[in-house]
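A quick write-up on the structure given underneath.
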Amino acid sequence: MSKRQAHRQGFIAIVVVLWLLGHGGAVLAAGMGIDDARHLLSRTGFGPTWAEIRRYAALSRTEGVERLLDESGTTAVTPPPDWVGVYPPPVAMRTLSEEARQRINQERREQSLQLVAWWFAEMRATPSPLTERMTLFWHGHFTSALNKVSLPILMYRQNVLLRYHALGRFDALLHEIAKDPAMLRYLDGAVNRKARPNENFAREVMELFTLGEGHYTEADVKAAARSFTGWSIDWQNGSLCFRSLWHDSGVKTLLGHRGTFDGDQVLDLLLQRPETARHVVRKFWREFVSPQPDAAEVERLARAFRQNHYEIKPLLRMLLESPAFWTPANRGALIKSPVEFLLGMERQLSINPLSDNTVLALSSQLGQNLLNPPNVKGWPGGEDWLDGRTVLLRRVVARQWSAARRPRPATTRTKQPGQKPVPLDEQPLDFEIQPWVKQFGANADWHAQAERLLLPLPPLRRPATTLPPIQYVQGLLLDPVFQLK
Amino acid sequence: MKRRAFIQSLGAATIATALPAWPQPASSTDTGGHRLLILIALKGGNDGLNTVVPFADPHYYKLRPTLGIAPDQALKLTEKEGLHPQLEPLLAAWNARELAVLRGVGYPEPNLSHFRSMDIWETASRSNQTLTTGWLDRAFGSDSKPTRGTLDAIVVGTDETHCLHGGDARVITMADLGQFRRQAQLLGTPPSVVPAQASLRHLLQLERTIRASAARMKAAPQFKASFNPDPFGRAVRTACDVIASRDRVGLAVVHLSLNGFDTHIRQVATQARLLKTLSEGLMSLRAGLKELGAWHDTLVLTYSEFGRRPKENANAGTDHGTAAVHFAIGGRVKGGLHGAAPNLANLDNNGNARFTLDFRRIYATVLEKWWGMESQDVLGGRFQPLQFL
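Chains D and P are the protein sequences, given in the same order. Using numbering that gives the first Met the number 0, the letters of the first sequence correspond one by one to residues 0 to 484. Using numbering that gives the first Met the number 0, the letters of the second sequence correspond one by one to residues 0 to 388.
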């Protein structure tokens, strides 16, 4: 750590301590306290439970952030579906009979559902929700979509790659994802060759993955596309292969540099530009802090991100310890994504979902179809999660999932016109209100505690405490503030 | 950005030219207030050259050795141009003189990124200018918009559109009318406080619009018209269901999307399927709106982020291009060809056609001739309206 950085961090620590002092000595003595713990965990996980919040409440903010980073992982704990171990032999779909084609498509559809269900299971089971939040973050940044990639096994492998680097190094992840077969397929890199350069990946890597729009020219796109030629897919095993005959080894001019660049050299040039760190840091800010990145803070974090060789953990540490992360003005400033909303409710109410298929269908209808982002820009997020349709659908889910009696399958409305109803093959497990209320302790004001658990801000329509407990909880879940984190 | 800030950003030169009066609609009793605009986004960048085929142009077949549509395949509109064979259903509208074909549509210094170019179209910005409000949002925020209802616009389906972003337009998104009405009934009472968080204010505004619109909408009517069971057909059906209540809510815009036009690879089958879906959907829409007596007050416009490159690529597809073809359809549309077909013998440095018709002229036509309002402060400059209305 440079002297300057140490100085800066010392300054932040002082600011944090001063802010804490303003919030009462009790917080300092007993750790960050319930509200801060709730804030930290809901911004870095999927709806924290009361037990998790209490555990973190005893830690200081710095200790809490440190524990989140220490406990992050690089692999999933949930066993994947069996078929991910075997790469299917390539088939020429055009030579197949209609029947055979349909059989393969049906198999792929089932596999893709199994894959998303596996990821949801991992998000529930993981000892490090932050690892899954970051994996999901990178899935929305380095997007690929099954509907174009078409082979579920390639999307599985990409998911493994994203998780492996989720809290590692951004530069390493960029180099790996550029050679990832699912990405090569999604952005047409696999068919990019000297005789016919395909600009799709070259453009998006600059616009979305690194520099951001406005920091490159059309000529740069063409030069980069030529440099990336030759990175292709060996369809015998679905892995990267370099086709040297397809590679354009001529001289290119890119971002003011001249050379016989190959793909890795282009990526290094992009990583040298300060715009790249700024672009990524702004995205982190919108993911963890608030919808409006603070320009001076972005500059500070981006400079440190580059100095730290694009290591993600130090960036996250600085971000989560920054005054902006903790300021009361930013509490509840973000809107929960559909995945955070659905998994968060499962976790916070200690209920089992109706079935995997139901949860997957709901997530998709709420605008987050995992493994199929809407386009290469990923999910826009923020206020775009909520519109006239999804506001209402979130309320339907909140009402159903918190009901004392789960709806019978025949009356469950998760079906869109023209689609088959989602089968509910699982025994519904009701929201058990009595043990849920008891978790807050025998003597505590459970109404107030439930509010602190479920809402980041005071409710706009506070339910009466005279209501039956389950209706009181439902009132909190239906409050607009429940949509925030 | 609020409207005032937008106007300030335009600069003094534009303001000075914003003074001349705009043309009023022909009839004094007809204020254009209840006229409906239906926008259909063809997402991914539809290939205009294979949508309206210049089959008499030898350059076309040179550029499209495998993708070119043969003269006897194209549905002839003139001696030089014909529709893609899957657009056959549109011939009914063409023969009724209700289909205008807008050719060579684009803008100066084209941007070939999907997102950026879609933003340029949806915010009606210049190529090098970033606006945060959609062109229709600014129209609804404009003092010269003749009427405002409870609800300005409906976005059908799950796709977002930047056209209506900005906060001035009252918009809801829905997939199904019946479901919307049932769920709206269960919204709680509106809170009396104005929260500090922008996220929360956004949510409360959505709730207000939902409550007010649902209270005024009637149940979906029965139609004799048939609607395809695919997602686009269902979206068209929902559009018709909602339009049945247009006068009760003051609806002026309906937005639909059709995805998948980014045909870098194996374009033939994909585009054929999409154009079939589009043309059948358009004809269901026309039939449904005729039953509602709304077709005469409806203007349907297609748009897309860009066209595609004239020269096909090595993957039997086409890359991002410029000048595109779009359709205007409606009971009062003056059918026929508008604008000039792009010159395939004179391509730009990227191998793309040069546009002949600025898309903002289409918007100016909508604003001035369809809604009888001023267009300059909405569009940030003077754009000559077209003759398709």
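Note that the Cβ used here is the ideal one computed from N, Cα and C, for glycine as well. Only a predicted model underlies this, so the values are computations on that prediction, with no experimental measurement involved.
Item, Value
"Is it true that the CB of residue 66 of chain P sits closer than 8 Å to the CB of residue 323 of chain P?", "no"
"Closest Cβ-Cβ distance between residue 86 of chain P and chain D: below 8 Å?", "no"
"Residues in the region 85–112 of chain P with C-beta within 8 Å of chain D's C-beta atoms, listed in sequence order?", "111 and 112"
"Does residue 172 of chain P pass the burial test, meaning 16 or more other C-beta atoms within 10 Å, or should it be called exposed?", "buried"
"By the criterion of Cβ-Cβ separation under 8 Å, what are the contact partners of residue 388 of chain D in chain P?", "157, 171, 172, 173, 174 and 179"
"Excluding the 5 residues flanking residue 86 of chain D on each side, which residues of the same chain have their C-beta closer than 8 Å to its C-beta?", "152, 236 and 237"
"Please list the residues of the region 329–357 of chain D that have a C-beta atom closer than 8 Å to any C-beta atom in chain P, keeping them in chain order.", "331, 332, 333 and 334"
"Would you say residue 281 of chain D reaches chain P, if we count a Cβ-Cβ gap shorter than 8 Å as a contact?", "no"
"Would DSSP call residue 297 of chain P helix, strand or coil?", "strand"
"Kindly indicate if chain D contains any beta-carbon less than 8 Å away from that of residue 137 of chain P.", "no"
"With DSSP collapsed to three states, give me the class of residue 216 of chain P.", "coil"
"Using the Cβ count rule (16 or more neighbours within 10 Å means buried), how would you classify residue 295 of chain P?", "exposed"
"Within 8 Å (strictly less), CB to CB, does residue 212 of chain D reach chain P?", "yes"
"Does any residue of chain P have a CB that is nearer than 8 Å to the CB of residue 198 of chain D?", "yes"
"Short of 6 Å in beta carbon distance, which residues of its chain neighbour residue 243 of chain P, apart from the five on each side in sequence? Order them along the chain.", "220 and 291"
"Mapping DSSP to helix, strand and coil, what is residue 231 of chain P?", "helix"
"With 8 Å as the threshold, decide whether the Cβ of residue 165 of chain D is near any Cβ in chain P.", "no"
"Does the region 330–341 of chain D come close enough to the region 183–200 of chain D that 3 or more CB-CB pairs lie under 8 Å?", "no"
"Measuring alpha carbon to alpha carbon, tell me which of D:254, D:55 and D:233 ends up nearest residue 220 of chain D.", "D:254"
"When you compare each of D:319, D:196 and D:120 to residue 345 of chain D by their alpha carbons, which one comes out closest?", "D:120"
"Does DSSP put residue 246 of chain D in a helix, a strand or coil?", "coil"
"Take residue 25 of chain P and list the residues in its own chain whose beta-carbon comes closer than 7 Å to its own, dropping the five residues that flank it on each side.", "Here residue 25 of chain P scores only 39 on pLDDT, less than 50, and its place in the model should not be relied on; the value that follows carries that caveat. Answer for residue 25 of chain P: no residue qualifies."
"Starting from residue 325 of chain P, trace the beta strand (DSSP E) both ways and give me its first and last residue.", "323–329"
"Grab the span of the alpha helix (DSSP H) containing residue 233 of chain D for me, first residue to last.", "Here residue 233 of chain D belongs to no alpha helix (DSSP H); instead the beta strand (DSSP E) covers 230–233."
"If you follow the beta strand (DSSP E) that residue 103 of chain P is part of, which residue opens it and which one closes it?", "98–105"
"Is there a Cβ of chain D sitting closer than 8 Å to that of residue 194 of chain P, yes or no?", "yes"
"Are the beta-carbon atoms of residue 354 of chain P and residue 317 of chain P separated by less than 8 Å?", "no"
"Alpha carbon to alpha carbon, how far is residue 369 of chain P from residue 274 of chain P? Give it in angstroms, no decimals.", "27 Å"
"State the start and end residues of the unbroken beta strand (DSSP E) segment that holds residue 153 of chain P.", "152–155"
"Find the residues of chain P that neighbour residue 477 of chain D, judging by a C-beta separation of less than 8 Å, and give them in chain order.", "187"
"Are residue 160 of chain P and residue 40 of chain P close, meaning C-beta to C-beta below 8 Å?", "yes"
"Looking at the secondary structure, which residues open and close the alpha helix (DSSP H) in which residue 138 of chain D lies?", "128–140"
"Leaving out five residues on either side along the sequence, give the residues of the same chain with a beta carbon under 7 Å from the beta carbon of residue 360 of chain P.", "382, 383, 384 and 385"
"Which ranges does the beta strand (DSSP E) cover as unbroken runs of at least 3 residues, wholly within the region 38–96 of chain P, from first to last along the chain?", "none"
"Run through the DSSP bridge pairs and tell me what residue 241 of chain D is partnered with.", "D:230"
"Can you find a CB in chain P that lies within less than 8 Å of the CB of residue 65 of chain D?", "no"
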